[in-house]
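In the working numbering, the protein residues as written are 781 to 1028.
For every residue, glycine included, the Cβ atom is placed at its ideal position computed from N, Cα and C.
Just so it is clear, the structure is predicted and the values come from calculations on it, not from any experiment.
Pasting the structure below:
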């Protein structure tokens, strides 16, 4: 065997050896990962975050999506409330903070559009949630979250949308435009039997002898109340106690 052939054979042997060593290392790492004890899901943290977001709504779309405030809120025309059908895709931004998400959203007229938006609280963007959106330009083929909308306008469009779906009585929807929630210790919660648009009407009792409160909530919102042991309630102008809606 010539010198060149010997060098080639030795090089190939080294390469094969290194490849085998790398493969063994990867297998060892994978084996160790499989043997690790699974990390427990922190359900308390999950429900606490949901409760905090629920309590703070509906201050702004920007805050709900990313935890930040839009600097110059204003009255915005042509805002519609869409329903998130699915999260199509999502990638972390370069800073590791927000998720650049693609949402498939159903508009009130039945059209489905894709909305690109940064999301910081991924728990808030799930199928079935309501998202105020606006067309970026005529004729309205591209849509974006209505982050510029001020709080009075935001409350108005969300309350009207929930009223049109039968999730709020018209009078209650008007009263919620300037209401604030109060937190009360939950003593009991029971469904009334009415279900609308993925929401279940429940009646709750709280400590203090203030009577009952009713409202339509999603199953995950009912679970949040049960886990935290608290209910968010408010009073209408007629003194009726109602559950604070999740708005989005």
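### Query
Between residue 845 and residue 894, is the Cβ-Cβ spacing less than 9 Å?
no
### Message
Within the continuous alpha helix (DSSP H) that includes residue 937, where are the two ends?
### Response
931 to 944
### Given residue 896 as reference, the closest of 982, 886, 912 and 923 once Cα atoms are compared
The shortest C-alpha separation from residue 896 is found at 923.
#### Entry: Contacts around residue 965, its chain only, beta-carbon distance under 7 Å, and the 5 residues preceding and following it disregarded
Same-chain partners within the cutoff: 986, 987, 1009 and 1010.
### Task
Could you give the DSSP three-state label for residue 979: helix, strand or coil?
Three-state DSSP puts residue 979 in a strand.
#### Entry: Assumed close pair residue 925, residue 913 - CB separation to whole angstroms, cut-off 8 Å
6 Å
### Task
Could you check if residue 890 is buried or exposed, using at least 16 other CB atoms within 10 Å of its CB as the buried criterion?
exposed
### Message
Please report the distance separating the alpha-carbon of residue 1003 from that of residue 969.
### Response
10 Å
### Message
Quick check on DSSP: helix, strand or coil for residue 838?
### Response
coil
### Task
Could you tell me the distance, in whole angstroms, from the CA atom of residue 981 to the CA atom of residue 996?
4 Å
### Query
Could you give the distance in angstroms between the alpha-carbon of residue 843 and the alpha-carbon of residue 833?
9 Å
### 8 Å contact criterion, which residue 983 and residue 972 should meet: CB distance rounded
6 Å
### Task
Under 8 Å Cβ to Cβ from residue 831, same chain only, skipping five residues before and after it: list those, please.
1004, 1008 and 1010
#### Entry: Element boundaries [alpha helix (DSSP H), containing residue 880]
Careful: residue 880 lies outside any alpha helix (DSSP H), inside the beta strand (DSSP E) at 879 to 886.
### Query
Could you check where the beta strand (DSSP E) with residue 1017 kicks off and where it finishes?
Residue 1017 -> no beta strand (DSSP E), and no H or E assigned at all.
### Query
residue 953 to residue 887, Cα distance in whole Å?
Annotation: residue 953 to residue 887 spans about 21 Å, alpha carbon to alpha carbon.
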